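Encoded as structure tokens, the structure appears first; notes follow it.
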Amino acid sequence: MASGKINVSVENIFPLIKKFLYSDHEIFLRELISNATDATTKLKHLSNIGEFKGEYGNPIIEIKIDEAGKKIHVIDQGLGMTADEVEKYINQVAFSGAEEFLDKYKDAAKDAGIIGHFGLGFYSAFMVASKVEIITKSFKDEPAAHWICDGSPEFTLEASDKTDRGTEIILHIADDSTEFLDEHRIQALLDKYNKFMPIPIKFGTKEETIKIGEGDDAKEEKVEVDNIVNNPNPAWTKQPSELSDADYQGFYRELYPMQFEKPLFHIHLNVDYPFNLTGILYFPKLSNDLQLQKDKIQLYQNQVYVTDNVEGIVPEFLIMLKGVIDSPDIPLNVSRSYLQADGNVKKIANYITKKVAEKLKALFVDNREDFEKKWNDIKVVLEYGMLSEPKFYEKAGDFFLYPTVDDTYFTLEELKAKITENQTDKDGKLVVLYAQNKQAQHAYIDAAKAKGYEVLLLDSPIIAHLIQKLESEQEKMQFVRVDSDSIENLIKKGSSIISALSDEDQTKLKTVLEEIVPTSTYTVQLEAMDANAMPFMITQPEFMRRMKEMSAVGGNMFGMGNMPDMYNLVVNTNNELANQILHSDDKVKQEAMVKQALDLARLSQNLLKGEELTAFVKRSFELMN
Ligand code: ADP
Ligand code: MG
Numbered sequence: 003m004a005s006g007k008i009n010v011s012v013e014n015i016f017p018l019i020k021k022f023l024y025s026d027h028e029i030f031l032r033e034l035i036s037n038a039t040d041a042t043t044k045l046k047h048l049s050n051i052g053e054f055k056g057e058y059g060n061p062i063i064e065i066k067i068d069e070a071g072k073k074i075h076v077i078d079q080g081l082g083m084t085a086d087e088v089e090k091y092i093n094q095v096a097f098s099g100a101e102e103f104l105d106k107y108k109d110a111a112k113d114a115g116i117i118g119h120f121g122l123g124f125y126s127a128f129m130v131a132s133k134v135e136i137i138t139k140s141f142k143d144e145p146a147a148h149w150i151c152d153g154s155p156e157f158t159l160e161a162s163d164k165t166d167r168g169t170e171i172i173l174h175i176a177d178d179s180t181e182f183l184d185e186h187r188i189q190a191l192l193d194k195y196n197k198f199m200p201i202p203i204k205f206g207t208k209e210e211t212i213k214i215g216e217g218d219d220a221k222e223e224k225v226e227v228d229n230i231v232n233n234p235n236p237a238w239t240k241q242p243s244e245l246s247d248a249d250y251q252g253f254y255r256e257l258y259p260m261q262f263e264k265p266l267f268h269i270h271l272n273v274d275y276p277f278n279l280t281g282i283l284y285f286p287k288l289s290n291d292l293q294l295q296k297d298k299i300q301l302y303q304n305q306v307y308v309t310d311n312v313e314g315i316v317p318e319f320l321i322m323l324k325g326v327i328d329s330p331d332i333p334l335n336v337s338r339s340y341l342q343a344d345g346n347v348k349k350i351a352n353y354i355t356k357k358v359a360e361k362l363k364a365l366f367v368d369n370r371e372d373f374e375k376k377w378n379d380i381k382v383v384l385e386y387g388m389l390s391e392p393k394f395y396e397k398a399g400d401f402f403l404y405p406t407v408d409d410t411y412f413t414l415e416e417l418k419a420k421i422t423e424n425q426t427d428k429d430g431k432l433v434v435l436y437a438q439n440k441q442a443q444h445a446y447i448d449a450a451k452a453k454g455y456e457v458l459l460l461d462s463p464i465i466a467h468l469i470q471k472l473e474s475e476q477e478k479m480q481f482v483r484v485d486s487d488s489i490e491n492l493i494k495k496g497s498s499i500i501s502a503l504s505d506e507d508q509t510k511l512k513t514v515l516e517e518i519v520p521t522s523t524y525t526v527q528l529e530a531m532d533a534n535a536m537p538f539m540i541t542q543p544e545f546m547r548r549m550k551e552m553s554a555v556g557g558n559m560f561g562m563g564n565m566p567d568m569y570n571l572v573v574n575t576n577n578e579l580a581n582q583i584l585h586s587d588d589k590v591k592q593e594a595m596v597k598q599a600l601d602l603a604r605l606s607q608n609l610l611k612g613e614e615l616t617a618f619v620k621r622s623f624e625l626m627n
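Under this note's numbering, think of the first position of the sequence shown as 3, with each following residue one higher.
This is the structure in structure tokens:
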């Protein structure tokens, strides 16, 4: 048996890179501009510490397209390289890097989708170019160098007559990548990746109107000026104290030029220990159906755009926010699952949660009225946060609001104080009444209000889950929807009304009703109410309804997907109708009365539909004759 090692020879780097990085080959421009930026920043640093004695000036980076010559030029005025440095930084690194690249690729294959964040740097140029030239002049007093390579390990390196400091990279665009010779394509790439890079980037020129002279002699003239495509000093790199509300709004517009809705408020992030992170997050106005958002939070590393997939970095409940996060401490060339386990990343998510909670509290304390106005637009995010982040739940008590059907907003503590007198059950547990729909539950809201109860309006899609959580956290509290059967039984007040029917009659009535009403769906309950209250009423137990809602929103986690609908039929024994049904001698008439009353009760709960509704209407007309 023979054994050995397969030798990966780096014969031709460029088809290799092309093959493996194909899906993301547009990042070459970002990489080259990043290198040009680094070269310029390094020069500035050398100038600051006195190692570079020449004029730093106002260096820019220029991108040029030569469509006829099929070339892209990336030109900087940074520190440049000597021939030795080209040898060291470009040749050695690049060619040894190719094998390393193959090693990396082995892991990447297990976790598809991570290609693009290898930090391949300079040689990502070979994804789009068949030949690359570097013409570079170091800030040191040494001759310029000219390097040419077609992607094979053969390269040439010779002297060049370039006299001005800096580096020019020339990409000879490959036949299958000519899309990058299109001005619009490059403009779009610059917008996506380089919009906020720290060194000005010139891409062509543009016409600008300037004013010459003063007063009456003033003339307007059109001039050609550099077209600078980036904002080197974006708002998030500044201190919050330097920025006005208008600046924050302006930056939002810069980020999302197509977004016309103004954000509700912003949160400026700024931390340098134990990790580095800056950024600005915006709370957008959310429409009810949590639209598929296309404007997402953008992730930057030192002002270079990386991705708008911030999953794992931003807590899940804040994924609908917009804005930017910039951190050099987020490991990018690793898989997403690794990211979730990374300690730094977890800390970042916690920090963001904490900042958001602090901001919400400040907004609430500083201007409660305004906060209440925004409540409808932010509540879903906060509800989701309370459900998914224990740390956020702890803090949310300070600012989470409970609105009533009449638009009064209570904090939990305020609500408790308000209802503690009037709304308790026999064990002293607070009974919080709520409605989910003012229209549909109108009659029940009115009845509860008439008794002096506070009724909340909790209408978010995930409210059932939140209520469930609140009840488990708050011992002495239970939530009951206004049309649940339990209200009357729960909140017993003063002397209860005495039934007009004797116990014997009540048993008789119940038997009659249960013979006619489908008892698999309706549980008959007799109750002594005001004689003028409705004779028949349908209620649904809070528990049943809530469980159904919970499994409808958020998956069938309780295995209750096919739970049958169960209702209570509450019959008011003090209403005259109860008396009539009980004493009717005509069996047919008795049955008709019960059925009609049941249908009316169903109708008022919107439970009568289709064929049954048609039959009901028909029967009602017949009754009139
Ligand atoms: P990285 O940027 O991660 O160091 P790259 O492959 O992008 O890796 O670049 C390799 C090296 O080549 C850089 O570290 C730098 O020393 C040198 N280099 C690349 N582009 C330039 C440039 N425009 N000016 C000066 N040096 C450069
Ligand atoms: Mg680089």
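Quick reminder that beta carbons are idealized off the backbone N, C-alpha and C, glycines included. Note that the structure is a prediction, hence the values are computed from the model and not measured.
{"query": "Taking just the CA atoms, how far does residue 36 sit from residue 56?", "result": "23 Å"}
{"query": "When you compare only the Cα positions, how much space is there between residue 472 and residue 543?", "result": "19 Å"}
{"query": "If you draw a straight line from the C-alpha of residue 216 to the C-alpha of residue 223, how long is it?", "result": "13 Å"}
{"query": "Check this for me: beta carbons of residue 483 and residue 547, under 8 Å apart or not?", "result": "yes"}
{"query": "Could you spell out the range, first to last residue, of the beta strand (DSSP E) harbouring residue 75?", "result": "73-78"}
{"query": "Alpha carbons only, please: which of 595, 191, 184 is nearest the one belonging to residue 68?", "result": "184"}
{"query": "The ligand ADP and residue 1: does any heavy atom of the ligand fall closer than 7 Å to the residue's C-beta?", "result": "The requested residue 1 is not part of the displayed model; the chain covers only 3 to 627."}
{"query": "Need the endpoints of the alpha helix (DSSP H) that residue 626 sits in, please.", "result": "612-626"}
{"query": "Kindly list the residues whose CB is nearer than 8 Å to the CB of residue 207, restricted to its own chain and excluding five residues on each side of it in sequence; keep chain order.", "result": "226, 227, 228, 229"}
{"query": "Taking 7 Å as the line, does the beta carbon of residue 41 fall inside it for any heavy atom of the ligand ADP?", "result": "yes"}
{"query": "Can at least three beta-carbon pairs, one atom from the region 504-519 and one from the region 421-430, be found at a separation below 8 Å?", "result": "no"}
{"query": "Use the C-beta contact count for residue 368: other C-beta atoms within 10 angstroms, 16 or more gives buried, fewer gives exposed.", "result": "exposed"}
{"query": "Taking the CB atoms as reference points, tell me whether residue 76 and residue 171 lie closer together than 8 Å.", "result": "yes"}
{"query": "Return the CA-CA distance between residue 121 and residue 33, expressed in angstroms with no decimal places.", "result": "Here residue 121 scores only 48 on pLDDT, less than 50, and its place in the model is too uncertain to base an answer on."}
{"query": "Using 10 angstroms around the beta-carbon of residue 237, count the other beta-carbons present and answer buried if the total reaches 16, otherwise exposed.", "result": "buried"}
{"query": "Compare the C-alpha of residue 386 against each of 373, 413, 360, 355 and name the closest.", "result": "355"}
{"query": "Can you name, in chain order, every residue of its own chain whose Cβ lies under 6 Å from the Cβ of residue 616, other than the five neighbours on each side?", "result": "none"}
{"query": "Taking contact to mean 3 or more Cβ pairs, one atom from each stretch, closer than 8 Å, check whether the region 439-454 and the region 519-531 are in contact.", "result": "no"}
{"query": "Please return the same chain residues whose Cβ sits closer than 6 Å to the Cβ of residue 397, not counting the five positions on each side in sequence.", "result": "359"}
{"query": "Say the cut is 7 Å; is the CB of residue 123 nearer than that to a heavy atom of the ligand MG?", "result": "yes"}
{"query": "How would you label residue 260, buried or exposed, when you count the other beta carbons within 10 angstroms and need 16 or more for buried?", "result": "exposed"}
{"query": "How is residue 245 classed by DSSP in three states: helix, strand or coil?", "result": "coil"}
{"query": "Between 569, 600, 478, 593, which has its C-alpha nearest residue 536's C-alpha?", "result": "600"}
{"query": "Tell me, to the nearest whole angstrom, how far the beta carbon of residue 376 is from that of residue 266; I am working on the premise that it is less than 8 Å.", "result": "5 Å"}
{"query": "Below 8 Å between beta carbons: does that hold for residue 361 and residue 212?", "result": "no"}
{"query": "Please indicate yes or no: does the CB of residue 93 lie closer than 7 Å to some heavy atom of the ligand MG?", "result": "no"}
{"query": "Since residue 487 contacts residue 555 with CB under 8 Å, what's their CB separation in whole angstroms?", "result": "About 23 Å separates the two Cβ atoms, so there is no contact after all."}
{"query": "Looking at the structure shown, is residue 499 part of a helix, part of a strand, or coil, going by DSSP?", "result": "coil"}
{"query": "Could you pull the DSSP bridge partners for residue 541 from this structure?", "result": "570"}
{"query": "Can you tell which of 277, 256, 273 has the C-alpha that lies nearest to the C-alpha of residue 284?", "result": "256"}
{"query": "I'd like to know whether the C-beta atoms of residue 201 and residue 61 end up nearer to each other than 8 Å.", "result": "yes"}
{"query": "What first and last residue would you give for the beta strand (DSSP E) that runs through residue 345?", "result": "Counting along the chain, residue 345 falls outside any beta strand (DSSP E), though it belongs to the alpha helix (DSSP H) covering 345-368."}
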